[in-house]
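Okay, structure first, notes after.
Protein chains: 2
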Amino acid sequence: MGKVSTGFSMSLDGFVAGPNEDFQHLFAWMMGGDTDYTIKIGDREQTLKLSAASIEMYDEAINTAGALVAGRRLYELTHGWGGHHPITAPVVVVTHRPAPEWVQEEWPVTFVTDGIESAIEQAQKIAGNKKVVIASTTIVQQCLNAGLLDEIHIDLVPVLLGEGVRLFEHLKVAPVQLDGPHVSIGKGVTHLTYSVKK
Amino acid sequence: MGKVSTGFSMSLDGFVAGPNEDFQHLFAWMMGGDTDYTIKIGDREQTLKLSAASIEMYDEAINTAGALVAGRRLYELTHGWGGHHPITAPVVVVTHRPAPEWVQEEWPVTFVTDGIESAIEQAQKIAGNKKVVIASTTIVQQCLNAGLLDEIHIDLVPVLLGEGVRLFEHLKVAPVQLDGPHVSIGKGVTHLTYSVKK
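And the structure:
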């Protein structure tokens, strides 16, 4: 069974979104490199500028992701990534309500209404041997507390944001020991990959 | 004039002290390496076990530190490091009250009662071309907000502590842009050195 993983751009002071959902500083490294790198969000293509280390990291993320798990809020905020998340994997949405009406039939998305364990289980079935990637902070926190998370990938950004949304909060099982990190140095970002000790 | 710097062991979730001032996990890397490294705290010697990368980092910290700035609380908690801080530099204490009675005459310590700017100024006079190193989180926060901090050194520890004392809080000047980091990979720790952009 594939690992349960997650990846976020995080400021040195721990924020994965700035005040008012601002990502300007957190995502600056995605336009700070030398090489064009085109991703697809829905029907729209977007060309990033990445360093060699960041391309390697991005390629690996896309090649190893078998399913993406998101909370309802993120899914609606991104309008379901227009049916195609940049990581090119099917999406599992953890929710209490039926699918929004705007979701199109051909979109690779599953709505799971019976809790986090069930959502991860279904995502792992979809992912096969590939990774299940958690996209929402609240789901990461639930997975950590339920002992379901295997890997944490952080794109550490050299900025202090002071306020916003923290990735690591509401931890009930602390301390959580990690192995690693594997370190890869991009331009304007330090890629760190940790394993969760079980 | 020497740089104003600071250095902390920090968990991936941003804590520089665990609950109840617990440092077990944050300082584990100091006993996790292969090579003996003896430091002096007051009259007492303590032998750490460090990796080569951590020894290099420690040596540089000791060789470049010209003065240490601490808050009153930390100074009393450590009993003034018995008159000799491991970083082997004179101490400047930011306080509103006179020196504690237990401070001995020959200890290299100055008590500054007229605010943070004055404390940094006096520490820089003591340090000459060497660095002024801030030892207390509250003083780091005040220096960041006053634009006085030049460098941030983080020993990033692979653990999530969930609660405790955060290094980065009460930031009033966000965002603070950083350059770097210089990265050095120790055993059980990732040494990261950032410059504060001015």
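In the order they appear, the protein sequences are chains A and B.
Quick note on this note's numbering: the first sequence kicks off at 1 and runs consecutively.
Quick note on this note's numbering: the second sequence kicks off at 1001 and runs consecutively.
For glycine and all other residues, C-beta sits at the position ideal for the given N, C-alpha and C.
Query: May I ask you to list, following chain order, the residues of the stretch 1173-1189 of chain B that have a beta carbon less than 7 Å from some beta carbon of chain A?; Result: A1174, P1175, V1176, Q1177, L1178, D1179, G1180, P1181, V1183 and I1185
Query: In whole angstroms, what separates the C-alpha of A:N20 from that of A:T47?; Result: 25 Å
Query: Sort out for me which residues DSSP pairs A:F111 with in a bridge.; Result: A:V93
Query: Would you verify that the beta carbon of B:G1162 is, or is not, closer than 9 Å to some beta carbon of chain A?; Result: yes
Query: Taking 8 Å as the cut-off, does the stretch 103-118 of chain A touch the stretch 68-83 of chain A (at least 3 CB pairs, one atom from each stretch)?; Result: yes
Query: To the nearest angstrom, how far is it from the Cα of B:R1044 to the Cα of B:I1087?; Result: 14 Å
Query: Please classify A:P158 as buried or exposed, where buried requires at least 16 neighbouring CB atoms within 10 angstroms.; Result: buried
Query: Just confirm the distance between the C-beta atoms of B:L1161 and B:D1013, as a whole number of angstroms; I'd bet it's less than 8 Å.; Result: 6 Å
Query: If you scan the stretch 1094-1170 of chain B from start to end, which runs of the alpha helix (DSSP H) of 4 or more residues do you find wholly inside it?; Result: 1116-1127 and 1137-1145
Query: With 7 Å as the limit, tell me which residues of the stretch 1008-1038 of chain B have their beta carbon closer than that to any beta carbon of chain A; keep them in chain order.; Result: L1012, D1013, G1014 and H1025
Query: Spell out the partners DSSP gives B:F1027 in its beta bridges.; Result: Partner(s): none; B:F1027 has no beta bridge.
Query: Is A:R73 close to chain B? Criterion is C-beta to C-beta, closer than 9 Å.; Result: no
Query: Run through chain A and tell me which residues come within less than 9 Å of B:P1108, C-beta to C-beta.; Result: Per Cβ cutoff of 9 Å: no residues; B:P1108 is ~32 Å from chain A at best.
Query: Over what stretch of residues does the beta strand (DSSP E) that includes A:S5 continue unbroken?; Result: V4 to S11
Query: By a C-beta neighbour count over all protein chains shown, 10 Å radius and 16 as the cutoff for buried, is A:Q24 buried or exposed?; Result: exposed
Query: With a 10 Å radius around its C-beta and 16 neighbouring C-beta atoms as the bar for buried, classify A:L77 as buried or exposed.; Result: exposed
Query: Secondary structure at A:S51, three-state DSSP: helix, strand or coil?; Result: coil
Query: From the DSSP output, in three-state form, read off B:D1059 for me.; Result: helix
Query: Establish whether the CB of A:V165 and some CB of chain B are separated by less than 9 Å.; Result: no
Query: Can you give me the Cβ contacts of B:N1129 inside the same chain, cut-off strictly under 8 Å, excluding the 5 residues immediately before and after it?; Result: M1001, G1002 and G1066
Query: Just the C-alpha distance for B:S1051 and B:G1186, rounded to the nearest angstrom, thanks.; Result: 6 Å
Query: Going by DSSP in three states, B:H1079 sits in which element: helix, strand or coil?; Result: helix
Query: Taking C-alpha atoms, which residue in B:V1092, B:A1053, B:L1156 and B:E1151 lies nearest to B:I1126?; Result: B:V1092
Query: How would you call B:K1198, buried or exposed, if buried means at least 16 neighbouring beta carbons within 10 angstroms?; Result: exposed
Query: Select from A:Y58, A:D155 and A:K172 the residue whose C-alpha is nearest the C-alpha of A:N145.; Result: A:K172
Query: Across which residues does DSSP place A:E45 in a beta bridge pair?; Result: A:K40
Query: Smallest Cα separation from A:A70: which of A:S5, A:M10 and A:E169?; Result: A:S5
Query: Considering only the beta carbon of each residue, do A:V196 and A:V183 sit closer than 9 Å?; Result: no
Query: Starting from the beta carbon of B:L1171, find every residue of chain A whose beta carbon is closer than 9 Å, and list them in chain order.; Result: D13, L160, L161, G162 and E163
Query: On a CA-only basis, which of B:I1152, B:V1140 and B:F1027 is nearest B:E1169? Give me that one, please.; Result: B:V1140
Query: Can you list, in chain order, the residues of the stretch 55-66 of chain A whose Cβ is nearer than 7 Å to any Cβ on chain B?; Result: none
Query: Can you list, in chain order, the residues of its chain whose CB lies under 8 Å from that of A:G180, leaving out five sequence neighbours each side?; Result: L192, T193, Y194 and S195
Query: Within its chain, find whatever has a CB closer than 8 Å to the CB of A:R97; leave out the 5 residues flanking it on each side and keep chain order.; Result: R72 and T113
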